[in-house]
Amino acid sequence: MEQRITLVTLGVSDLARSKAFYEALGWRGQEVEETVFFQAGGVGVVLWDRDKLARDCGLEPGPAAGFGGIALAHNVRSEAEVDALLATAERAGGTVTKPAAVNAIGFYSSAFTDPDGHAWEIAYNPGFPLAEDGTVTLPDFGTS
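Per the working numbering: the sequence shown = residues 2 to 145.
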């Protein structure tokens, strides 16, 4: 398996509400057959009915309950961008779960959940530089 991700699909309970939320964050997508596709840099982010997604993965549909063990991250170029994006997410219907602050390892971050409880970290970390197109370059951590 090549070391890459091509699509991240978020199971949602109300497609129209979720589409409106991400559009309020400034994203633009295409709705095709009850599915919304967003181009997010080199990765596609997809919104699809939660129960249909579960069945498509060979799993039993069930209620969304608590933290699902995954967080999506969006790095930005300044602390001010963290603050602005967190405010935008809250106005759009997201829930701030961690106010913006310098975290335990020294960079500025915050977190929110979207209307379906998907966790997002928003961070300004100068150690993870962003290219002009928004792609991140992970540092050499000196381990092998």
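Positions of the beta carbon are idealized from the N, C-alpha and C atoms, including for glycine.
- Residue burial is scored here from C-beta neighbours: ASP115 has at least 16 other C-beta atoms within 10 angstroms and is therefore classed as buried.
- A buried status is given to GLY95, since no fewer than 16 other beta-carbon atoms sit within 10 Å of its beta-carbon.
- When the beta-carbon positions are compared, LEU8 and GLY45 come within less than 7 Å of each other.
- For ALA85, same chain residues with a beta-carbon under 6 Å away, outside a window of 5 residues either side, do not exist.
- For PRO62 against ALA72, the beta-carbon gap comes to about 22 Å, at or over 8 Å, which does not count as contact.
- Excluding five sequence positions before and after TRP49, the CB atoms of its chain that fall closer than 6 Å to its own CB belong to THR10, THR36, given in chain order.
- Beta-bridge pairing by DSSP links ASP50 to VAL13.
- Setting aside the 5 residues that flank it on each side, LEU26 is surrounded in the same chain by LEU86, THR89, ALA90, ALA93, each with a C-beta closer than 8 Å to its C-beta; the list follows chain order.
- For LEU87, the enclosing alpha helix (DSSP H) begins and ends at 80–92.
- For ALA55, the secondary structure class from DSSP, reduced to helix, strand or coil, is helix.
- Here the alpha carbon of GLY59 sits roughly 37 Å from the alpha carbon of PRO100.
- Residue nearest to TYR23 within the set GLY70, VAL77, ASP117, GLU80 is ASP117 (criterion: CA-CA distance).
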